[in-house]
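Data first, discussion second: the structure below is written as structure tokens.
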Amino acid sequence: MPDLRALGRLLQLGSANLPVGAFSYSEGLETLVQQGHLQAAPDLRSWLEQHLHCGPIRVEAAILHRLLHAAMQKQANSLEYWDAWLAASRESEELALQNRHMARALWRLLRELAGPDALPVQYAPSQYASVFALFAVVAELPIVEAIFTYMHSWLANLIVAGVRLMPLGQSAGQTVLWELQDSIEQVVEFATSARDEDLFAWNSGLAIASMQHESLYSRLYRS
């Protein structure tokens, strides 16, 4: 029999109903839609695919892999280092706030579900990926599946944003998610094998879109 308990924890951690506020953020997507760069499902798919292949989320997945190992081995110094590394990589105030807010919400939930004594560290990390790693370790989830869940949740959230903003039909959004499964697998493969010197991304377009978000005429999202 498969480990159904672990599967249930993975589904819970990757659920859109997880109360961390991820639905509030578009990570620059709202800017790109209003500027006319993304107008149809193929545009959204292309943008997300490029993001997965060379954007910061790819690097974040590799650091999540490091955070998972550090949490498993209770290496507080390593956890703190990679948490600070991620915090320093946020190129706009909105992206920085997103991670702090989501990390704080998931930390509160983790303490309620597992209890403070079960946590490898007693301080609240500043980055969502860091708390996600702690959650996965406390729930005894396998590393590769945890990284895949993280990526799938991130991708699904942005597709929902695209469906609302462009707008797209629900079926078109599900088609994009279906077609990008291979790209998620490639990110997971990179995450589990990347060296420290591989931790770089080409994300100037994302950073600019995020910085321009505050000046939009109207906004549905916080980033």
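If you want my numbering, it's the position in the sequence shown, counting the first as 1, plus 152.
Even glycine gets a Cβ: it sits at the ideal position worked out from N, Cα and C.
query: For A343 versus A213, is the C-beta spacing smaller than 7 Å?
result: Start at 1 with the first residue of the sequence shown, and residue 343 comes out as number 191. Start at 1 with the first residue of the sequence shown, and residue 213 comes out as number 61. A contact, by the Cβ cut-off of 7 Å.
message: Could you tell me the alpha carbon to alpha carbon distance between L162 and K226, rounded to whole angstroms?
response: Residue mapping note: residue 162 aligns to position 10 of the sequence shown, counting from 1. Residue mapping note: residue 226 aligns to position 74 of the sequence shown, counting from 1. Computed Cα separation, rounded: 21 Å.
Contact check, V172 vs L258, beta carbons under 7 Å: Here the question's residue 172 lines up with position 20 in the sequence shown. Here the question's residue 258 lines up with position 106 in the sequence shown. Yes, they are a contact pair.
- request: Give the DSSP-derived three-state secondary structure of N309 in the structure shown.
  value: The sequence position of residue 309 within the sequence shown is 157, counting from 1. Looking at N309 - three-state DSSP - the assignment turns out to be helix.
query: Do the region 194 to 210 and the region 282 to 301 touch if we need at least three Cβ pairs shorter than 8 Å?
result: no
query: Is the CB-CB distance between S375 and S241 below 7 Å?
result: Here the question's residue 375 lines up with position 223 in the sequence shown. Here the question's residue 241 lines up with position 89 in the sequence shown. No, the Cβ-Cβ distance between S375 and S241 is not below 7 Å.
field: 8 Å contact criterion, which A359 and S278 should meet: CB distance rounded
entry: Sequence index remark: in the sequence shown, residue 359 carries index 207 (1-based). Sequence index remark: in the sequence shown, residue 278 carries index 126 (1-based). In this structure A359 is not in contact with S278, their Cβ atoms being roughly 19 Å apart against a cut-off of 8 Å.
query: Taking the alpha-carbon positions, what's the G114 to L307 distance?
result: Given that the chain is displayed from residue 153 to residue 375, the structure contains no residue 114 and the question cannot be resolved.
task: Report, in whole angstroms, the separation of the C-beta atoms of R210 and A298, which I expect to be a contact under 8 Å.
output: Here residue 210 refers to the residue found at position 58 of the sequence shown. Here residue 298 refers to the residue found at position 146 of the sequence shown. About 16 Å; that fails the 8 Å criterion.
- request: Using the Cα positions of V340 and L368, report the straight-line distance between them to the nearest angstrom.
  value: Within the sequence shown, numbered from 1, the residue matching residue 340 stands at position 188. Within the sequence shown, numbered from 1, the residue matching residue 368 stands at position 216. Rounded to whole angstroms, V340 to L368 spans 34 Å at the Cα level.
message: So, for S230: in the same chain, excluding its five sequence neighbours on each side, which residues have a beta-carbon less than 6 Å away from its beta-carbon?
response: The count along the sequence shown starts at 1 and reaches residue 230 at position 78. If we look at S230 and ignore the five residues flanking it on each side, its Cβ neighbours are A222.
query: Residue ranges of each alpha helix (DSSP H) run of no fewer than 4 residues wholly in the region 211 to 251, ordered along the chain?
result: 228 to 241
query: Which value, in whole angstroms, describes the spacing of the CA atoms of L216 and A281?
result: On the sequence shown, position 64 is the one that residue 216 refers to. On the sequence shown, position 129 is the one that residue 281 refers to. Going by the C-alpha atoms only, they are around 6 Å apart.
message: Please state whether the Cβ-Cβ distance between N309 and A174 is less than 7 Å.
response: Working through the sequence shown from its first residue, we reach residue 309 at position 157. Working through the sequence shown from its first residue, we reach residue 174 at position 22. Yes, they are a contact pair.
task: Starting from D195, trace the alpha helix (DSSP H) both ways and give me its first and last residue.
output: Numbered from 1 along the sequence shown, position 43 holds the residue referred to as residue 195. Here the alpha helix (DSSP H) through D195 covers A193 to C206.
Straight-line gap, S362 to A255 (C-alpha atoms, nearest Å): In the sequence shown, the residue the question calls residue 362 occupies position 210. In the sequence shown, the residue the question calls residue 255 occupies position 103. Roughly 19 Å separates the two Cα atoms.
message: List, from N- to C-terminal side, the beta strand (DSSP E) runs of 3 residues or more that fit wholly inside the region 285 to 345.
response: Runs of the beta strand (DSSP E) inside the region 285 to 345: none found.
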